[in-house]
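Residue numbers (the working numbering), protein chains in the order written: chain U, 1045 to 1423; chain H, 1045 to 1423; chain L, 1045 to 1423; chain E, 1045 to 1423.
Even glycine gets a Cβ: it sits at the ideal position worked out from N, Cα and C.
Nothing here was measured: the structure is a model prediction, and the numbers come from that model.
Protein chains: 4
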Amino acid sequence: MGAPFFKEIRRAYGFDEVAIVPGLVTINPDMASTQMTIGDHAFDIPVLASAMDAVVSPSFASLMHKKGGLGVLNLEGIYTRYQDPYTALEEIASAPQAEVTALLQKIYSEPIQEHLVGSCVESIKKTGATCAVAVTPQNTKRLTPVAVEAGADVLVIQSTVTTARHVSRSYKGLIFAEVIQQVKVPVVVGNCVSYNTALELMETGISGLLVGVGPGAACTTREVVGVGVPQVTATLDCAAAREEYFKRTGKYVTVITDGGIRTGGDLCKAIVAGADGVMLGTPFAQAREAPGGGFNWGMANSHPELPRGTRINVGTRGTLKEILYGPTSATDGTQNLIGALKVALGMCGAFNIKELQKAEMIIAPSIKTEGKIFQLARD
Amino acid sequence: MGAPFFKEIRRAYGFDEVAIVPGLVTINPDMASTQMTIGDHAFDIPVLASAMDAVVSPSFASLMHKKGGLGVLNLEGIYTRYQDPYTALEEIASAPQAEVTALLQKIYSEPIQEHLVGSCVESIKKTGATCAVAVTPQNTKRLTPVAVEAGADVLVIQSTVTTARHVSRSYKGLIFAEVIQQVKVPVVVGNCVSYNTALELMETGISGLLVGVGPGAACTTREVVGVGVPQVTATLDCAAAREEYFKRTGKYVTVITDGGIRTGGDLCKAIVAGADGVMLGTPFAQAREAPGGGFNWGMANSHPELPRGTRINVGTRGTLKEILYGPTSATDGTQNLIGALKVALGMCGAFNIKELQKAEMIIAPSIKTEGKIFQLARD
Amino acid sequence: MGAPFFKEIRRAYGFDEVAIVPGLVTINPDMASTQMTIGDHAFDIPVLASAMDAVVSPSFASLMHKKGGLGVLNLEGIYTRYQDPYTALEEIASAPQAEVTALLQKIYSEPIQEHLVGSCVESIKKTGATCAVAVTPQNTKRLTPVAVEAGADVLVIQSTVTTARHVSRSYKGLIFAEVIQQVKVPVVVGNCVSYNTALELMETGISGLLVGVGPGAACTTREVVGVGVPQVTATLDCAAAREEYFKRTGKYVTVITDGGIRTGGDLCKAIVAGADGVMLGTPFAQAREAPGGGFNWGMANSHPELPRGTRINVGTRGTLKEILYGPTSATDGTQNLIGALKVALGMCGAFNIKELQKAEMIIAPSIKTEGKIFQLARD
Amino acid sequence: MGAPFFKEIRRAYGFDEVAIVPGLVTINPDMASTQMTIGDHAFDIPVLASAMDAVVSPSFASLMHKKGGLGVLNLEGIYTRYQDPYTALEEIASAPQAEVTALLQKIYSEPIQEHLVGSCVESIKKTGATCAVAVTPQNTKRLTPVAVEAGADVLVIQSTVTTARHVSRSYKGLIFAEVIQQVKVPVVVGNCVSYNTALELMETGISGLLVGVGPGAACTTREVVGVGVPQVTATLDCAAAREEYFKRTGKYVTVITDGGIRTGGDLCKAIVAGADGVMLGTPFAQAREAPGGGFNWGMANSHPELPRGTRINVGTRGTLKEILYGPTSATDGTQNLIGALKVALGMCGAFNIKELQKAEMIIAPSIKTEGKIFQLARD
């Protein structure tokens, strides 16, 4: 044993394994800004809602705008396949667990209708909200022109793993640089987890990068195909690429950690790991206003041959306002996410997100010990 | 992946992950001293009771003095808000779990009455006990003069995260050097977890430093805002600052590990990590004489918008005397804490706390294996 | 403590502790080949079925061939001890748990009949399938000639731990180089877990190497005798030996990770760790066509004095076709193993197994957190 | 954070965190010797039974001799306090759990009777067995002469933590060098866990060293006083001291790992970590012939003020012969310990214990995953 190595393997970390170290200076939370920008759009809070059917409907996108964030509408989901999406949503919510994968496979086999793409975008725009839409690389050329013409402000091109170079027999690999030149809106691309891929994607001219493949411990992508990188390490690496790209070109790409964030603590850790913003699915699927009715599921669940994940009963935890801003009597970190972010900014002496990225982080596994109790400190 | 790093992250350790290595010399426990000093006050045992309403009432503070330690009275809790605090304590103890956060929010919205500050201090002093009181930085200027005039011996200024430099819009940041010059009693400040912050706080002239932010695994501060450092690493770092400051100035600042200590083993490990003393909350909330009646809660639980933690049913485990000195038939380390400390002093050949700090420590995670049993050695 | 070390101990990793990092380039899964070769035999998929009585009967071996893989028949099990093996199989399946070890001991004490060895091989060959048979070193000289004469195509010589140099009083240690010269078919040998042993075995002229001793967490060999190496590290080391041996001689030995693989994710990780193929037991014992009838057990279970492991109720999960190729509605990774492998090939931009071996791998423990849910990404 | 360190902390390992790597050569188990020597006494198997009242009675000591090992009789337990020890044993076995600590405290407050010391030794000697007796340092001078005169062959001086230099006010610290010169039998001393202490103890002239303080995960000494070192690291360090001492002086001290060993796997790992032998308590308390009647407890449990551990219901698992040599149908490693040792010797190509000490060891945490099953390999 020993002798020559076949390959090096590096340790990677997830949210549960790290913690933030308070700063040398502290500030009052009310002095800190939580602003994020994507291209020329500024947002009061660094939070996007995931392009999942159970999370973002056109009306939820509008609500996210009112609360200061950005909801991303999935252009390949129920809303663009059905004139009346709510019947399909209700079918999913009421199906027995054993039949839900088959049902999802059936519901998502209905074709996407381009006129619904346009009307979804318009219904968001007419409320005055910033409109972000998501497509997969395969459908980008077909759906993007319709969406942008209808007024979409931000284009998200997303697949499980996205690289600047994709080889395919069935369709010509999407050249991001071309897409970006053609559409006049900022483009966010993902998902990505490593330094070199992030750098190559940034070189195509993107405005934002989604970070996260198989995030978190119970992630099905890791079980099924073994692929995935924990979010703290993935974010650290993509943030390093952003810094490098900025140093070379002067252009700043927004890094958005996408997936695996359940609490205010996770959100703060993502930013200390280098994120400019975060994208949340399940926490918003738990909002009273979410279209999923207390359930959540992903597009990979409807894969006809290799489904990954399933419909999850996430329950309803409060209004979107309570989830983002409180007040709350929940003490597990799942509500008042922005309040938590402000406290972390204060404890780290950070006046904004960019300064919070500079806070120190340690590796400190959170071992849950039953019945263990701790001193509950004062503010 | 790989290439340049965004930031370094260091491994940190908690009590459950380390153990003490016996010494090259052993001594009989009865030859060892457990003394601790804060400023010019000496204490037989290196133990403080936390400034929590469920732990330290004026009469409990007096009892702690009789047993050789120091109870710290919270000047911003029930005892200074209510002429009759016991009705409020009973209300909290009897509230259903679902309503307790709202109740705490209501009870702690009652204003602090300065005349009760004075009478609390006096009631402790008239029993002959050393009187320590705790305030937050925000209320230090207002409450301290009243308390000191009434006879307080030790002033504790405590918030979740305390630094020598705090920036605030709503009140002028407290300058510790000024406070320390004005009050004539030793000042203990906290909480703090890192070398540089500890050093800066020591440079303001403090007599003692409280170590611990979000200690322990299940700590809510870590869940809610992601901030926290495990106690062994936090203590090691603050002790390093104490040594450095002593080398530079000849002044010795007492380092007190505060939070996350449940057993005699934890207490001993805190000292081997460099603490001069420890502050305990829950272990004393479990004393028959504790005012919480078998419950414990922290001030952060009553935060109107972002409560962290909740009321915990800690039960009653014995008298304060049994918890500190035994005898006991409990074998889980939660009783006879000082007996345990003496055994550790003996096993490490340490004649006092200062020598125990020099013992060797190893990283040795305690994996609980169900049904696992071990040889039970003899003394 | 400290000072001179008695010995170095190196960290080793298992499947649950690592994950695969996506590539800089991605490809469409349908462009990737999953081919594996052993000697001059090529297989469509890099998968062998274990030489266990509950997994491979002559008819299951034939079915594996039809599906593109290779089933290995155990020449020292029930099929060569009983004219009617199915009665014995049914006895095992229906025995109460408390009596099963004794029953296995009794059933496996019946002598091996050489004429059954021949007829088993012939019954596989006449279906047109490639026929692989397994023997232990002790019985190699006696059983191999019969099997090869009857038409066996691949010879597997397997024991818990196999080295090129075995010292024995009771029988002359098997010299692999001699066996390999005599038999005209490719020889696969194992099991082995370390670089030097792998290299020595390769120097005897073998065509394939089985990797794995006490793989996985709950493995009984590790409990009973303390011996075992987790599969990722074992595979990395044996793959390093294969590279070294190829560099020296130009001969390529097929490295097959054997044991501990339960999901598509595990299979993909084995290959990224350097395997050319994998050998699966329990996943195939769960096939509707498996002879074990929903149970599995190993030969070590029938050891008369030191049984290791027991009969396990593995249940029936689907047809062999579903387990290998789907479609499936299972989302835990136990079905559509080849579909998963193809997705991993795509995500890593690998056109074949050899290229997938070059993918990056990270250490990322999968901590199962109850109730934790994650973003479910889209393809 | 960061900057100067207060102290270094080294990672230590226990049995559950390591595994043995098979050797480059394998041998048939029947060619290997399991012999151990202590001073001029040779034993067929490297196994001692702990000086615990529930494990070794005079008749059990005699039985251990017949089986090739060595039972150590506790000279400060029930057998030397009561003419009729069996009544006390039965009282302990039948006491309700809540009252057992108090009962142990009462039973062990009865004084030791010197004439019973003599008669215990004689009753062992007259069966022809090698007689080993254990005393604490405090009672060594008083009890040793009686025991040696009665015929004791090996003297064990044991306390939780033993060093060559002990400082005491109440009795003059035992000088081992003096004791060793006076008694004419080999002396075994312990317990000890570190290199320097081991070396100092060896320099006093001892023949054997017991290794282990607070071994194992659930050990109460670690909970109560925080002191303890996992057994693999402790053994590695003490074995390093033995090698160093042998190099300097040519004298070989037997290193015996004491505590935390539950399975054949643990036993083998202790030896690969450098032990010449092991001392077992609970595995033998589970023997049908053990005096504890299915229970076990340690002397520390009867400490009047700080009990550590409690009476444990260990059950009865088989005869001593079955536990040591099988045959067994248990598959969890708790039976046929010597059979397991022989298999490990074979897998590592070791002809004796000394050669097994040279086997390679890896760090490989055994994560128990419910429902996980693995390939069960063949011998």
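Kindly indicate which residue of the options has the alpha-carbon position closest to the one of residue i.
i         : options                                    : result
E:THR1241 : E:ALA1221, E:VAL1205, E:VAL1276            : E:VAL1205
H:LEU1385 : H:MET1343, H:CYS1312, H:ILE1407            : H:CYS1312
H:SER1167 : H:PRO1274, H:ALA1105, H:PHE1049            : H:ALA1105
U:GLN1226 : U:PHE1059, U:ALA1394, U:ARG1186            : U:ARG1186
L:GLY1318 : L:PRO1090, L:TYR1126, L:ILE1053            : L:PRO1090
U:PRO1274 : U:ASP1281, U:PRO1259, U:ALA1285, U:CYS1282 : U:PRO1259
H:ASP1197 : H:SER1203, H:VAL1177, H:PHE1395            : H:VAL1177
E:PHE1087 : E:ALA1403, E:LYS1365, E:GLY1321, E:VAL1299 : E:GLY1321
U:ALA1314 : U:VAL1271, U:TYR1296, U:CYS1282            : U:CYS1282
U:SER1077 : U:PHE1339, U:GLY1172, U:ILE1397            : U:ILE1397
E:ALA1194 : E:VAL1200, E:LEU1160, E:ASN1183            : E:LEU1160
U:PHE1059 : U:LEU1280, U:TYR1296, U:GLY1393            : U:LEU1280
E:VAL1144 : H:PHE1395, H:ALA1344, H:SER1373            : H:SER1373
I'd like to know if residue i contacts chain U, where contact means its C-beta is closer than 7 Å to some C-beta of that chain.
i         : result
H:THR1241 : yes
H:SER1212 : yes
L:GLY1309 : yes
L:ASP1376 : yes
Going by DSSP in three states, residue i sits in which element: helix, strand or coil?
i         : result
H:VAL1316 : helix
L:LEU1187 : helix
U:PHE1328 : helix
L:ASN1240 : helix
L:THR1180 : coil
L:ALA1261 : With a pLDDT of 34 at L:ALA1261, under the threshold of 50, the modelled position of that residue is not reliable, and the figure given next carries that caveat. L:ALA1261 falls in the coil class under three-state DSSP.
L:ILE1089 : coil
H:ASP1128 : coil
L:GLY1390 : helix
L:ASP1302 : strand
E:VAL1297 : coil
H:THR1378 : coil
Using C-beta distances below 7 Å, list every residue in its chain close to residue i, excluding the 5 sequence neighbours before and after it, in chain order.
i         : result
U:THR1378 : ARG1306, THR1307, PRO1327, ARG1361
H:GLN1202 : ALA1095, ALA1178, THR1180, GLY1234, ASN1235, LEU1254
E:VAL1269 : none
Starting from the C-beta of residue i, find all residues in its chain whose C-beta is less than 6 Å away, skip the five residues before and the five after it, and write them out in chain order.
i         : result
E:ALA1408 : ALA1063
E:GLY1325 : SER1094, MET1096, VAL1099
So, are the CB atoms of residue i and residue j less than 7 Å apart?
i         : j         : result
L:MET1405 : L:PRO1066 : no
E:VAL1232 : E:ILE1224 : no
U:PHE1050 : L:ALA1284 : yes
Examine chain E for any beta-carbon lying closer than 7 Å to the beta-carbon of residue i, and answer yes or no.
i         : result
H:SER1077 : no
L:VAL1200 : no
L:PHE1050 : yes
L:GLY1270 : yes
Mind checking if residue i is an interface residue toward chain L, Cβ cutoff 7 Å exclusive?
i         : result
U:ILE1053 : yes
U:VAL1205 : yes
Excluding the five sequence neighbours on either side, which residues of its own chain have a C-beta within less than 8 Å of the C-beta of residue i, listed in chain order?
i         : result
U:ILE1367 : PRO1327, PHE1328, GLN1330, ALA1331, ARG1361, THR1378, GLN1379, ASN1380, LEU1381
H:ARG1209 : GLY1217, GLU1244
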